[in-house]
Amino acid sequence: MKVLVFGQTGQLATELAQFDGVTCLGRRDADLTNPRACEAVIAQADMDVVINAAAYTAVDRSEEDRDTAMIVNAMAPTAMAAAAATRGIPLVHISTDYVFDGSGTTPWKPDDATGPLGVYGSSKLGGEKGITATGGTHAILRTAWVFSAHGTNFVKTMLRLGAERDALNIVADQIGGPTPARDIAAACMRIARALTEDPTKSGTYHFSGAPDVSWANFAREIFAQSGLSVDVTDIPTTAYSTSAKRPANSRLDCRMTTATFGIARPDWRRGLAQVVADLNT
Ligand SMILES: NC(=O)C1=CN([C@@H]2O[C@H](COP(=O)(O)OP(=O)(O)OC[C@H]3O[C@@H](n4cnc5c(N)ncnc54)[C@H](OP(=O)(O)O)[C@@H]3O)[C@@H](O)[C@H]2O)C=CC1
Ligand SMILES: Cc1cn([C@H]2C[C@H](O)[C@@H](COP(=O)(O)OP(=O)(O)O[C@H]3O[C@@H](C)C(=O)[C@@H](O)[C@H]3O)O2)c(=O)[nH]c1=O
Ligand SMILES: [Mg+2]
Numbered sequence: 001m002k003v004l005v006f007g008q009t010g011q012l013a014t015e016l017a018q019f020d021g022v023t024c025l026g027r028r029d030a031d032l033t034n035p036r037a038c039e040a041v042i043a044q045a046d047m048d049v050v051i052n053a054a055a056y057t058a059v060d061r062s063e064e065d066r067d068t069a070m071i072v073n074a075m076a077p078t079a080m081a082a083a084a085a086t087r088g089i090p091l092v093h094i095s096t097d098y099v100f101d102g103s104g105t106t107p108w109k110p111d112d113a114t115g116p117l118g119v120y121g122s123s124k125l126g127g128e129k130g131i132t133a134t135g136g137t138h139a140i141l142r143t144a145w146v147f148s149a150h151g152t153n154f155v156k157t158m159l160r161l162g163a164e165r166d167a168l169n170i171v172a173d174q175i176g177g178p179t180p181a182r183d184i185a186a187a188c189m190r191i192a193r194a195l196t197e198d199p200t201k202s203g204t205y206h207f208s209g210a211p212d213v214s215w216a217n218f219a220r221e222i223f224a225q226s227g228l229s230v231d232v233t234d235i236p237t238t239a240y241s242t243s244a245k246r247p248a249n250s251r252l253d254c255r256m257t258t259a260t261f262g263i264a265r266p267d268w269r270r271g272l273a274q275v276v277a278d279l280n281t
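Now the structure itself:
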């Protein structure tokens, strides 16, 4: 299976690059601020499936950079979907828990009503809608709280801050499932294969690590596993000011993904152990 991946330096793209048959495109090969260029690359490439692992992921910065976020997260993926549909090949696209408004405590199902709280979530929802409307074979995989040894993520932020400080205040009223990028990459490859064999599996799916936790308890496990002694204090979201609002309830109901593709929620604590080990070598 020949797989064309948009993204090269990011957390997910770096993990996808480990698989046979994968060609990763960096910004120089395809800039998502130019959706027509993304279309052209798909039109010209001889590939069996496309995975979009590139996105504008700076949640707070997107509040002041709405146009770029919209082009990269909504228009470019929509253009990719159109080009993939024309070629008759599937598109696997990654989306986010931030398309939801975070109300309630029940895990979100794929067809639950969306209601993004900020520009990043709105732009990602725009991409979902554009891809779905295009009508080609596709999977939109919503994930959450991605971490890996590469790129920027909460684990690396905690390790950096934890090395400098002996106490941190961390929000405890936002709950979600941290997800190792390596497990998302494996899920994408499996879904890509399944779609080439059965296009009727097209749709929107959820995939996050288990068990669900607060950011504060995620931080505690990061410090426990890395041997750093940092005192974590639970704080409410109202005590931590950010330009973008984040959902309180980021829990994702992943059962449809398991039923359709045989992919179970990974235990993020094992993925964390791997990442901590990778960062120490
Ligand atoms: N990070 C997270 O916590 C979560 C991420 N997701 C989704 O998962 C997917 C993968 O995210 P993740 O791997 O963490 O992202 P990263 O932030 O680690 O990487 C983003 C990638 O997108 C590329 N990119 C950004 N803008 C452009 C552009 N204009 N043209 C070409 N490439 C561009 C970056 O390239 P460059 O280095 O050149 O900037 C980088 O390779 C995304 O769709 C994201 O929305 C979903 C839930 C949580
Ligand atoms: C650094 C820090 C963060 N926090 C809080 C802020 C926020 O609510 C939470 C996580 O902060 P971050 O900025 O790392 O997380 P954020 O960038 O919002 O992460 C999100 O990224 C996008 C791309 C997604 O799609 C989401 O699934 C999610 O992973 O932790 C503290 O409470 N104390 C701290 O010292
Ligand atoms: Mg961030």
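Taking full-length UniProt numbering, I'd label the letters of the sequence shown as residues 1 to 281.
Every residue gets a Cβ at the ideal spot worked out from N, C-alpha and C, and that includes glycine.
All of these numbers come straight from a predicted model, not from anything done at the bench.
query: Taking the DSSP output, what are the residues bridged to residue 6?
result: The count along the sequence shown starts at 1 and reaches residue 6 at position 6. Answer is 25 and 52.
query: Which same chain residues, not among the five before or five after residue 199, have their C-beta less than 6 angstroms away from its C-beta?
result: Residue 199 sits at position 199 when you count from the first residue of the sequence shown. Cβ within range, chain order: 137.
query: Looking at the unbroken beta strand (DSSP E) that takes in residue 155, where does it start and where does it end?
result: By 1-based counting over the sequence shown, the position of residue 155 is 155. No beta strand (DSSP E) contains residue 155, which is instead part of the alpha helix (DSSP H) from 154-164.
message: Assess contact between the stretch 112-127 and the stretch 36-45, defined as three or more Cβ pairs (one per stretch) separated by less than 8 angstroms. Is contact present?
response: no
query: Where does residue 16 sit, in a helix, a strand or coil, going by DSSP?
result: Numbered from its first residue, the sequence shown carries residue 16 at position 16. Residue 16: helix per DSSP, three-state reduction.
- request: Please confirm whether any heavy atom of ligand 2 lies closer than 8 angstroms to the CB of residue 204.
  value: Your numbering for residue 204 matches position 204 in the sequence shown. Outside the cutoff, so no.
query: Grouping DSSP H, G and I as helix and E and B as strand, with all else coil, what is residue 183?
result: In the sequence shown, the residue the question calls residue 183 occupies position 183. Residue 183 falls in the helix class under three-state DSSP.
- prompt: Roughly how far, in whole angstroms, is the beta-carbon of residue 176 from the beta-carbon of residue 250, given that I think they are within contact range, below 8 angstroms?
  reply: Walking along the sequence shown from the start, residue 176 turns up at place 176. Walking along the sequence shown from the start, residue 250 turns up at place 250. Sure, about 3 angstroms apart at Cβ, within 8 angstroms.
- prompt: DSSP puts residue 138 in a beta bridge; with which residues?
  reply: Counting from one through the sequence shown, the residue named residue 138 turns up at place 138. DSSP, once it has assigned bridges, lists 91 as partnering residue 138.
task: Determine the DSSP secondary structure at residue 143, reduced to helix, strand or coil.
output: To locate residue 143, count along the sequence shown from 1; it is residue 143. Residue 143: strand per DSSP, three-state reduction.
query: Nearest to residue 35 by alpha carbon, out of 71, 211, 266 and 231?
result: Here the question's residue 35 lines up with position 35 in the sequence shown. It is 71.
query: With DSSP run on the structure shown, which of helix, strand or coil describes residue 120?
result: Walking along the sequence shown from the start, residue 120 turns up at place 120. Of the three classes helix, strand and coil, the one that applies to residue 120 here is helix, per DSSP.
message: Using a Cβ-Cβ cutoff of less than 6 angstroms, which residues in the same chain neighbour residue 26 once the five nearest sequence positions on both sides are dropped?
response: For the purposes of this step, residue 26 is taken as residue 26 along the sequence shown, with counting starting at 1. Excluding positions up to five away in sequence, the list reads 8.
- prompt: Does at least one heavy atom of ligand 1 sit under 8 angstroms from the Cβ of residue 251?
  reply: Position 251 of the sequence shown, counted from the first residue, corresponds to residue 251. No.
message: I need the straight-line Cα distance from residue 126 to residue 103, nearest angstrom please.
response: Locating residue 126 in the sequence shown gives position 126, where the first residue counts as 1. Locating residue 103 in the sequence shown gives position 103, where the first residue counts as 1. About 20 angstroms.
message: Are there any heavy atoms of ligand 2 lying less than 8 angstroms away from the beta-carbon of residue 238, as far as the coordinates show?
response: Residue 238 sits at position 238 when you count from the first residue of the sequence shown. Not so, every heavy atom of ligand 2 lies at least 8 angstroms from the Cβ.
Alpha-carbon spacing of residue 248 relative to residue 74, whole angstroms: The residue labelled residue 248 in the question sits at position 248 within the sequence shown. The residue labelled residue 74 in the question sits at position 74 within the sequence shown. Distance between the alpha carbons of residue 248 and residue 74 is about 24 angstroms.
message: So, at 8 angstroms on beta carbons, what are the nonlocal neighbours of residue 246 in its own chain, with the 5 sequence-adjacent residues on each side left out?
response: In the sequence shown, counting from the first residue as 1, residue 246 sits at position 246. Taken in chain order, the residues that qualify are 59, 98, 102, 117, 118, 174 and 237.
message: Less than 6 angstroms between C-beta atoms, sequence neighbours within five positions excluded: which residues of the same chain meet that for residue 158?
response: The residue given as residue 158 occupies position 158 in the sequence shown. The answer, listed in chain order, is 219 and 222.
- prompt: Which two residues bound the contiguous alpha helix (DSSP H) that contains residue 278?
  reply: Taking the sequence shown and counting its residues from 1, the one referred to as residue 278 is at position 278. Here the alpha helix (DSSP H) through residue 278 covers 268-279.
query: Would you say the beta carbon of residue 52 comes nearer than 8 angstroms to a heavy atom of ligand 1?
result: The residue given as residue 52 occupies position 52 in the sequence shown. Yes, since a heavy atom of ligand 1 falls inside the 8 angstroms radius drawn around the Cβ of residue 52.
query: Would you call the CB atoms of residue 180 and residue 230 closer than 9 angstroms?
result: Counted from its first residue, the sequence shown places residue 180 at position 180. Counted from its first residue, the sequence shown places residue 230 at position 230. Going by C-beta atoms, residue 180 is not nearer than 9 angstroms to residue 230.
message: In the DSSP output, what is residue 204 paired with across the bridge?
response: Position 204 of the sequence shown holds residue 204. DSSP output for residue 204 lists 140 as bridge partner(s).
message: Quick check on the burial criterion: 16 or more other C-beta atoms within 10 angstroms. Buried or exposed for residue 80?
response: Residue numbering aside, residue 80 sits at position 80 when the sequence shown is read from its first letter. Looking at its Cβ environment, which holds 16 or more other Cβ atoms inside 10 Å, residue 80 is buried.
message: Which same chain residues end up closer than 6 angstroms to residue 202 when comparing Cβ atoms and leaving out the 5 residues on each side of it in sequence?
response: By 1-based counting over the sequence shown, the position of residue 202 is 202. Hits under 6 angstroms: 137 and 138.
- request: State the DSSP-derived secondary structure class of residue 214, mapped to helix, strand or coil.
  value: Reading the sequence shown from its first residue, position 214 is the one you call residue 214. Residue 214: strand per DSSP, three-state reduction.
query: Closest to residue 94 by CA distance: which of 183, 30 and 155 is it?
result: The sequence position of residue 94 within the sequence shown is 94, counting from 1. When only C-alpha atoms are compared, the closest one is 183.
Cβ-heavy atom distance, residue 147 to ligand 1, below 8 angstroms: Your numbering for residue 147 matches position 147 in the sequence shown. Yes.
- prompt: Does DSSP put residue 228 in a helix, a strand or coil?
  reply: Start at 1 with the first residue of the sequence shown, and residue 228 comes out as number 228. It is coil, neither helix nor strand.
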